[in-house]
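Position in the sequence shown (first residue = 1) + 334 = my numbering.
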Amino acid sequence: MGETLETIRKAIRSNEWTRPTAGHAEGYVQTNLVILRKPLAFDFLLFCQRNEKACPVLDVTDAGSYIPALSAPEADLRTDVPKYRVYENGVLTSERNDIKDLWEDEFVAFLLGCSFTFEKALMDYGIPVRHIEENVNVPMYHTNLPCHESGIFKGNMVVSMRPIPAKDLAKAVQITARSTKSHGAPVHIGNPESIGIKNVSSPDFGDAVTIKEGEVPVFWACGVTPQAAAIASRPDLMITHAPGHMFITSLKDTDVTI
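Here it is, written out as structure tokens:
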């Protein structure tokens, strides 16, 4: 931790950094990435608008451009994510450290807000963030919470989980509710089974974390939701970040906080 934005972005671009980004480049907005061909871009933009809690849009590139002009004009979306995933017809076919050889003139890239952005605020108020404490990836889960459909895009919401001391629940809700472009307030608190999570100790993405006595599992909408939509909707091609391996923008947390 404590790396500057320039240091961490350079390390990612040179493939020296291929691990999750939670707790790093503090103060800068982290985002999820979705890349689609132009014919599907409008339907996906509408999917994001209809499911803003899970897919808050921060930036969209012009067709063929790999430069996110509004959020990081000095960056390159082909190289500046620690790990990418490639889905073809709904099937995860590869994970890669860059996508330069895959780039097409029809590609449109979407940057969607990420809950990593509000974690520093939680810690500043003395609320623990367990996956950072344990140096693992945040746990993420498929749920039974349906998304609103748009064109071919459909599926259920994915959520991330952080154990929160019961005494701090109200404070955690208030803090994260300010970050409307980073998923905002939780979508569920407590009993995981009521949103379709059978075993909170066995996440679908990321790593399990310790839930201590007196803590409650709290669930936030997650930007891995489009990857669940890719599996359910089967677009011919969708490129995303690998869960937890985010794109770090040049925006400050305060730019997207109420």
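Note that beta-carbon positions come from the ideal geometry of N, C-alpha and C, so glycine has one too. Please read these numbers as outputs of a predicted model, since none were measured by experiment.
Out of P537, G524, S536, D570, state which residue places its alpha-carbon closest to the alpha-carbon of P551. G524
Express the C-alpha separation of V463 and G557 in angstroms, rounding to a whole number. 18 Å
Should the region 430–448 be called in touch with the region 456–476, which here means at least 3 C-beta pairs below 8 Å? no
Considering just the uninterrupted stretch of the beta strand (DSSP E) at I573, what are its terminal residues? 572–575
Does the distance from the CB of K417 to the CB of H579 come in under 7 Å? yes
Taking V363 as the reference, which of P373, D541, T338, Q508 has the closest Cα? T338
Is it right to say A375 is buried, meaning 16 or more other beta carbons lie within 10 angstroms of its own, or is it exposed? buried
Can at least three beta-carbon pairs, one atom from the region 495–513 and one from the region 566–576, be found at a separation below 8 Å? no
Is E422 helix, strand or coil by DSSP? strand
Considering only the alpha carbon of each residue, which of K586, A356, T591 lies closest to V470? A356
Along the chain, which unbroken stretches of the beta strand (DSSP E) at least 3 residues long are found entirely within the region 456–485? 474–480
Every unbroken alpha helix (DSSP H) within the region 485–551, with a cutoff of 4 residues, ordered by chain: 503–511
Tell me which same chain residues have a C-beta within less than 6 Å of the C-beta of T477, skipping the five on either side of it? N490, M491, V493, I529, G530
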